[in-house]
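Visitor: Mind looking over this structure? Questions follow.
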Amino acid sequence: MSDLIPSHVDGYKALSVVPDLTENLPPEIREGIARRRLVATGHPCPCGAAPVRLNRAQRRRIAAQRRHGNTDVIRVPVIHEDDCPAADDVLNALANRHGITLRRWM
Ligand SMILES: [Zn+2]
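If you want it as structure tokens, here you go:
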């Protein structure tokens with residue numbers, strides 16, 4: 058399962074979807090998930106990945122959605138270093154190595 062973490066991104070309400078930090082997971086997978094939760098709560102990852110900032114195109118898309126009365130929902134990925142345990146490829150490889158069935162990490 059996943060947790061929803063409410064926060065703010067550049068003044069906009071945000072909702073991050075992160076996996077549960079289940080205690081029975083291997084420590085290296087727990088580290089990757091903990092790092093994702095860290096960034097979702099507005100802190101930088103030890104690899105240097107920073108909390109999300111919106112670019113001009115994303116802000117324009119939100120403004121356009123609001124003008125049309127739509128709910129402003131955009132997906133903004135966090136880019137971790139290639140060797141960070143929070144990176145998609147690393148987390149997926151760890152899950153495969155431990156025989157854990159993958160669901161979406163984000
Ligand atoms: Zn990272």
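Numbering (the working numbering), first residue to last: 58 to 163. We put the beta carbon where it would ideally sit given N, CA and C, even for glycine. None of these values were measured; they are calculated from a predicted model.
1. Give the range of the beta strand (DSSP E) segment to which A71 is assigned.
2. Check whether the Cβ atoms of A143 and I62 sit closer than 9 Å, and answer yes or no.
3. If E138 sits next to G105, beta carbons under 8 Å apart, how far is it from one beta carbon to the other, in whole angstroms?
4. Just tell me which of V66, R94 and H100 has its CA closest to the CA of R132.
5. When you compare only the Cα positions, how much space is there between L26 and G68?
6. I'd like to check one pair, R118 with D129: are the Cβ atoms closer than 9 Å?
7. How would you write the range of the alpha helix (DSSP H) that V66 sits in, first residue to last?
8. DSSP state of V130, grouped into three classes?
9. Return no unless some Cβ of chain B is closer than 9 Å to the Cβ of R94.
Guide: Put simply:
1. Residue mapping note: residue 71 aligns to position 14 of the sequence shown, counting from 1. Counting along the chain, the unbroken beta strand (DSSP E) around A71 starts and ends at Y69 to P76.
2. Sequence index remark: in the sequence shown, residue 143 carries index 86 (1-based). Sequence index remark: in the sequence shown, residue 62 carries index 5 (1-based). Going by C-beta atoms, A143 is not nearer than 9 Å to I62.
3. Counted from its first residue, the sequence shown places residue 138 at position 81. Counted from its first residue, the sequence shown places residue 105 at position 48. Right, their Cβ atoms sit about 6 Å apart.
4. One-based indexing of the sequence shown puts residue 132 at position 75. Out of V66, R94 and H100, V66 has the C-alpha closest to the C-alpha of R132.
5. Any answer about residue 26 is impossible in this case: the structure gives the chain only from 58 up to 163.
6. Position 72 of the sequence shown, counted from the start, is the residue given in the question as residue 129. Position 61 of the sequence shown, counted from the start, is the residue given in the question as residue 118. Contact flag set, yes.
7. Mapped onto the sequence shown, residue 66 falls at position 9. No alpha helix (DSSP H) holds V66; the beta strand (DSSP E) holding it covers S59 to V66.
8. Numbered from its first residue, the sequence shown carries residue 130 at position 73. DSSP places V130 in the coil class of the three-state scheme, outside both helix and strand.
9. The displayed structure is made up of one protein chain only, and chain B is not part of it.
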